[in-house]
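Residue 153 in full-length UniProt numbering sits at position 153 of the sequence shown; the count goes up by one each step and never skips.
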Amino acid sequence: MKTEDLGNSKLLNLIFKPAGILMGSRLRKWLMDPVKTLQIADVQPSQNILEVGCGTGFFTIPAAKMIGDQGILIAMDASSGFLKVVTKKVKNANLNNVSIVQRDALNTGLETASIDKVLLFGVIPFPLLPLDKLLPEMHRVLKPDATMAVWLFPPKGEFRP
């Protein structure tokens with residue numbers, strides 16, 4: 001079964017629903033300011049960004065605003081439930097530079113060397129994203145001098161960026 005097939009599972013989306021509520025909570029914003037985190041990740045105007053495991057859009061909306069209309073943010077997640085939330089947030093924010101994709105990050109379907117930055121925030125370690133398959137795919141889509149920003153979940157040591 002592919003990861004995106006799991007994302008369409010009613011049971012899995014039911015399990016993910018409480019997590020989705022926590023993803024956008026005020027507590028999380030207090031613990032981890034998304035704008036500050038994206039600044040530390042060196043998100044810049046006009047970049048093409050792949051956000052793997054966008055969840056409910058905690059980083060999606062601020063990242064899309066930071067890159068502006070000249071950049072593109074590809075918000076990718078396997079969960080159809082999360083993507084419905086992100087779609088609504090993007091529409092409410094009137095953002096035209098976000099492409100929302102339900103896809104397995106192990107096979108993004110993106111062109112080789114097309115991405116300036118990959119955001120892997122809170123998605124590793126995750127059993128459905130084995131690093132020996134995920135990292136080569138991320139390397140493939142990144143431009144030669146591009147970077148990947150990683151935030152591990154659960155965090156080790158200091159929680160705030």
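Ideal placement from N, C-alpha and C gives every residue a C-beta, glycine not left out.
Item                                                                                                                                                                      : Value
Only counting runs of 4 or more residues, tell me where the alpha helix (DSSP H) segments fall wholly within the segment 78 to 125, in order along the chain.             : 80 to 92
With DSSP collapsed to three states, give me the class of S25.                                                                                                            : Because the pLDDT at S25 is just 49, under 50, the model does not fix this residue reliably, and the value given afterwards should be weighed accordingly. It is coil, neither helix nor strand.
By the DSSP assignment, the beta strand (DSSP E) with L50 in it spans what residues?                                                                                      : 48 to 52
CB-CB under 6 angstroms to residue 166, same chain, minus the five flanking residues each way: which ones, in chain order?                                                : Because the chain here runs from 1 to 161, residue 166 falls outside it and cannot be looked at.
Sorted by chain position, which residues of the same chain lie with C-beta nearer than 6 angstroms to A41's C-beta, five sequence neighbours on each side aside?          : A149
Among all the DSSP beta bridges, which residues are the ones paired with M148?                                                                                            : V118
Would you check if there are 3 or more beta carbon pairs closer than 8 angstroms linking the segment 135 to 144 to the segment 61 to 71?                                  : no
Going by alpha carbons, who is nearest to D145 out of Q70, K84, K117, A105?                                                                                               : K117
Applying the 10 Å Cβ sphere with the 16-neighbour rule, what's the burial state of D77?                                                                                   : buried
Drop a sphere of 10 angstroms on the beta-carbon of P45, count the other beta-carbons inside from all chains shown, and report buried for 16 or more, exposed for fewer.  : exposed
Mapping the DSSP letters down to three states, classify A64 as helix, strand or coil.                                                                                     : helix
Report yes if the CB atom of L152 is closer than 8 angstroms to the CB atom of I124, and no otherwise.                                                                    : yes
Drop a sphere of 10 angstroms on the beta-carbon of L131, count the other beta-carbons inside from all chains shown, and report buried for 16 or more, exposed for fewer. : exposed
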